[in-house]
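What follows is one structure encoded as structure tokens, with my remarks underneath.
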Amino acid sequence: MNRYRKRKINVPTNLGLDELTEDQRIAFDTFTHGESLFITGPGGVGKTYLINKIKKCCEANNIMIGITAMTGCAAYIIQGNTLHSWLGIGLGKSPISAIVKKIRTRPYLRNRWKNVRILVIDEVSMLDMELFDKLDQIARLVRNYHVPWGGIQLCLFGDMCQLPPISGQFVFESENWESTIKHVVQLRETKRQTSPEFSRCLNEMRLGGISAETEQLLKTCSERKHDPDSDIKPTRLYPYNSTVDRINRLELQKLRKAHPELQLITYECETDYKIKNKSGATKKKRESSSEVMDKNSKYSVKLELIVGAQVMLIVNLDVEGGLVNGSRGVVVGFEHGYPRVKFRHGKTQTIDRYTWEREDTHFTLLKSQLPLKLAWACSIHKSQGATLDYAEMDISGVFEYGQAYVAMSRVRSPESLIIKDYNVKKIKCHPKAIKFYRDLD
Numbered sequence: 002m003n004r005y006r007k008r009k010i011n012v013p014t015n016l017g018l019d020e021l022t023e024d025q026r027i028a029f030d031t032f033t034h035g036e037s038l039f040i041t042g043p044g045g046v047g048k049t050y051l052i053n054k055i056k057k058c059c060e061a062n063n064i065m066i067g068i069t070a071m072t073g074c075a076a077y078i079i080q081g082n083t084l085h086s087w088l089g090i091g092l093g094k095s096p097i098s099a100i101v102k103k104i105r106t107r108p109y110l111r112n113r114w115k116n117v118r119i120l121v122i123d124e125v126s127m128l129d130m131e132l133f134d135k136l137d138q139i140a141r142l143v144r145n146y147h148v149p150w151g152g153i154q155l156c157l158f159g160d161m162c163q164l165p166p167i168s169g170q171f172v173f174e175s176e177n178w179e180s181t182i183k184h185v186v187q188l189r190e191t192k193r194q195t196s197p198e199f200s201r202c203l204n205e206m207r208l209g210g211i212s213a214e215t216e217q218l219l220k221t222c223s224e225r226k227h228d229p230d231s232d233i234k235p236t237r238l239y240p241y242n243s244t245v246d247r248i249n250r251l252e253l254q255k256l257r258k259a260h261p262e263l264q265l266i267t268y269e270c271e272t273d274y275k276i277k278n279k280s281g282a283t284k285k286k287r288e289s290s291s292e293v294m295d296k297n298s299k300y301s302v303k304l305e306l307i308v309g310a311q312v313m314l315i316v317n318l319d320v321e322g323g324l325v326n327g328s329r330g331v332v333v334g335f336e337h338g339y340p341r342v343k344f345r346h347g348k349t350q351t352i353d354r355y356t357w358e359r360e361d362t363h364f365t366l367l368k369s370q371l372p373l374k375l376a377w378a379c380s381i382h383k384s385q386g387a388t389l390d391y392a393e394m395d396i397s398g399v400f401e402y403g404q405a406y407v408a409m410s411r412v413r414s415p416e417s418l419i420i421k422d423y424n425v426k427k428i429k430c431h432p433k434a435i436k437f438y439r440d441l442d
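Put into structure tokens, the structure is as follows:
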């Protein structure tokens, strides 16, 4: 019997599938039948939620699954690894023969490639055609099974209207795309936005087409001003990390200068490990993994807070109480060394340390830090995965296809959004992505 043949996956009864939308259920059923598929849709339709369901289903069936994404930030959100790291391909630039040799001579990589049954790749819009074809050939050689991807079932997630591959050659342009990806499921029911008018606006922006109604809504957002009587300011979204870091640093300095009597408290990230295999958990390997986690995670390695600091919650602490990833607040005091934060919806909460875990092959990394970040400004890239309840966007510096759409789709309603330097020409979608979705319809 071929170990790589397609097999239906049993679904545990306690997986909570009754919570899925109709489109999510179609995608999940396709997955359980062993078919490779692409699950797509705009921001806020529950792609990450579906990844978690697939992961839990595989764990319940003791099926080896790779949870990966094209960027470190995206991988962190789904509690996975970057595609390059998980597959052990480095930058992926080496010849196929060299990568295959590396995999075959390293037992943990060889076992991973041979035993993985399902591979999830998130933010697949950033995966280019050349790497997709190269990985297909590597999988066939390593697994000695000459079918698409050596029999690995692919579950691709993403939105081709968001950030494109650097090369400009989309994965769907590959000659192997149709022979590999048998199904494309579009998720259409938006969970993040509650306003039909705003959802329609974002859907038009996603494909680069702006109607008169959408342009009027965006102009209204550009005319909106921050309430001067509110002590919570909107988070400003910018394309560049350097701009964000500079603004947060300057605002913190201004606050300290205006109130020299206030104490600045510093919180350092604390690191611990749970060793699973001592032979592979070397100090060098642990330190390297720790640095990667610090670089790609949303928490701050060093967080400085003072009364009046604008902050954002970066985890779901109390969903029912409204304390969720993206909740905006201001530090109003300290209690037993921890900040008391007044959130925009009116609740004031003392924020204690939170522990993040990251699984490695030989150990588990534990990171303890306050689940807060300074939020006078935030990068568009770092805002992915968050639902912001109060944001201001400067689109004058937007430089990439889909970037303006990504930023604006972070908020729940137009009332939560202020647009600065409004320029409709900055709202654009890659022509190849537009054609891809039109052909699907």
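All residue numbers for the sequence shown refer to my numbering, where the first residue is 2 and numbers rise by one.
C-beta: ideal position from N, C-alpha, C; glycine also.
Keep in mind it's a predicted model, so treat the numbers as computed, not measured.
- In this structure, Phe335 and Ile266 form a Cβ contact; the two beta carbons are roughly 7 Å apart against a cut-off of 8 Å.
- When only Cα atoms are considered, Thr365 and Arg201 end up about 43 Å apart.
- Counted as a single uninterrupted DSSP element, the beta strand (DSSP E) harbouring Pro340 occupies residues 339-344.
- Annotated three-state conformation of Tyr355 is strand, per DSSP.
- His184 is bridged by DSSP to Leu38.
- Here Phe158 really is in contact with Ile40; their C-beta atoms are around 5 Å apart, less than 8 Å.
- Scanning the region 72-123 for uninterrupted beta strand (DSSP E) segments of 3 residues or longer gives 119-123, listed from N- to C-terminal end.
- Annotated three-state conformation of Lys275 is strand, per DSSP.
- The three-state secondary structure of Phe171, taken from DSSP, is strand.
- In the structure shown, Gln163 adopts coil according to DSSP, grouped into three states.
- Taking the CA atoms as reference points, Ser95 sits about 40 Å from Leu373.
- In the pairwise beta carbon analysis, the region 53-64 is classified as not touching the region 173-182: fewer than three pairs are separated by under 8 Å.
- Counting only residues of its own chain and dropping the five nearest sequence neighbours on each side, Val316 has a CB closer than 7 Å to the CB of Asn326, Tyr355, Pro372.
- With respect to the C-alpha of Cys162, the residue from Val172, Gly403, Tyr423 having the closest C-alpha is Gly403.
- Taken atom to atom, the span from the alpha-carbon of Tyr423 to that of Arg257 is near 32 Å.
- In this structure Gln264 is exposed. Its beta-carbon is surrounded by fewer than 16 other beta-carbon atoms within 10 angstroms.
- Not a single unbroken stretch of the alpha helix (DSSP H) spanning 4 or more residues falls wholly within the region 215-254.
- Under DSSP, Lys303 forms a beta bridge with Glu269.
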